[in-house]
Structure formats: C-alpha cells, structure tokens
Amino acid sequence: MKKYIVALLCSLFYSVASFSQSAYFSEWMNNFAGDKIIGIYLLNYEGHESKVKIFKYKDGYRVQNHWMKEPNHPDGTPIKDVNNPDKSKRNTPMTEVVFVDKVVYKDGEWCDGKIYDPVSGSSYNVKMKFDDDTTLHVKAGMWGLYPKSLYWKKQ
Numbered sequence: 051m052k053k054y055i056v057a058l059l060c061s062l063f064y065s066v067a068s069f070s071q072s073a074y075f076s077e078w079m080n081n082f083a084g085d086k087i088i089g090i091y092l093l094n095y096e097g098h099e100s101k102v103k104i105f106k107y108k109d110g111y112r113v114q115n116h117w118m119k120e121p122n123h124p125d126g127t128p129i130k131d132v133n134n135p136d137k138s139k140r141n142t143p144m145t146e147v148v149f150v151d152k153v154v155y156k157d158g159e160w161c162d163g164k165i166y167d168p169v170s171g172s173s174y175n176v177k178m179k180f181d182d183d184t185t186l187h188v189k190a191g192m193w194g195l196y197p198k199s200l201y202w203k204k205q
C-alpha cells in the first residue's frame with residue numbers, strides 16, 4: 051500500500067512541475083497579475099476631477115469614465131464629447147466616454163493600447179505601471195515626442 055501512495059505522490063509532484071512550466075500556466079499567471087489594475091481611480095485632468103473605472107474587456111483592459119465632479123454645463127445640459135474625431139460619438143455624454151482601450155499586461159506594465167484625450171480629440175500610445183500600491187502612472191504620447199505623465203489614485 052505504501053508503494054502505491056509513494057507512486058501517487060511522485061506522479062502528483064511531476065504533474066505540478068510540468069504544469070508550472072507550461073505555456074498555459076504562464077498565461078494564467080500573467081492574466082492574474084494583470085488584473086491588479088482593475089478598479090476605480092480618482093484623477094484630475096485639465097482641472098476636471100473625475101473617476102474612471104478599469105475593467106477587463108475582450109483580450110485586454112479598458113478605461114471608461116465613471117463619475118465627474120461637474121458633468122454638466124452651467125445651464126444644466128450634459129457635457130458631451132464634442133471634440134471626438136468620430137462624428138457619431140460627439141453626442142456621447144462625457145460620463146460615458148472610453149479613455150483607454152485595448153491595453154494588455156506585459157512584463158509588469160499595461161501597454162499596446164491607445165488613450166483618448168477628449169480635450170484635443172486626439173489619441174496617443176499609452177503605457178501604465180504602478181508606482182506604488184495605489185498610484186497608477188499613466189504615460190501618454192508619441193514615444194519620444196512630448197510624452198505626458200498622469201497619476202491616477204486607486205480608490
């Protein structure tokens with residue numbers, strides 16, 4: 051009986067060792083680490099205080115506006131994404147705008163996506179990385195040409 055238990059334990063350890071070296075396990079661990087970014091973040095951009103929500107979307111992560119301190123014009127009408135180069139999106143309320151799309155987790159940072167600037171209506175390359183447990187450093191720009199750093203605080 052002891053031989054069977056020893057053989058079973060040896061098989062189990064061999065299986066675990068093989069699994070931990072597999073591409074599936076590496077991908078699973080990468081996805082797990084990448085999920086650290088999911089949550090709500092407070093930010094101040096161009097004098098506007100807001101919160102964004104980061105969530106999994108398709109094969110990566112997406113950032114969408116979640117809350118704005120001042121979502122309306124003084125006359126009470128909602129602020130809209132009037133500078134969007136896509137004319138069909140210019141009536142979208144700013145509270146629903148997607149700011150970052152298609153970022154993926156690689157080597158300790160989220161990259162390969164685009165960040166949208168609603169003030170200029172332009173999109174830029176984006177990289178995001180945590181400076182500490184609650185501060186997400188967001189770098190936007192055409193690499194080498196005036197990159198801009200933003201700091202978002204996880205709530």
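Positions 51 to 205 (this note's numbering) are the ones given, in order, by the sequence shown.
Don't be surprised by glycine CBs; every beta carbon is placed ideally from N, CA and C.
So, with DSSP's three-state summary, where would you put residue i?
i	result
residue 151	strand
residue 206	There is no way to answer for residue 206, as the model of the chain reaches only from 51 to 205.
residue 170	coil
residue 88	coil
residue 119	coil
residue 179	strand
Would a C-beta distance cut-off of 8 Å place residue i and residue j closer than the cut-off?
i	j	result
residue 106	residue 116	no
residue 153	residue 111	yes
residue 185	residue 198	no
residue 133	residue 168	yes
residue 151	residue 163	yes
residue 86	residue 100	no
Quick one: Cα of residue i to Cα of residue j, how far?
i	j	result
residue 165	residue 188	9 Å
residue 96	residue 149	14 Å
residue 127	residue 161	35 Å
residue 145	residue 121	7 Å
residue 138	residue 113	20 Å
residue 98	residue 131	14 Å
residue 192	residue 173	10 Å
residue 190	residue 143	23 Å
So is residue i buried or exposed if we call it buried at 16+ other beta carbons inside 10 Å?
i	result
residue 170	exposed
residue 108	exposed
residue 196	exposed
residue 124	exposed
residue 176	buried
residue 158	exposed
residue 88	exposed
residue 178	buried
residue 205	exposed
Closest to residue i by C-alpha separation, out of the options, would be which residue?
i	options	result
residue 136	128, 179, 127, 147	147
residue 83	195, 92, 155	155
residue 180	200, 139, 120, 134	200
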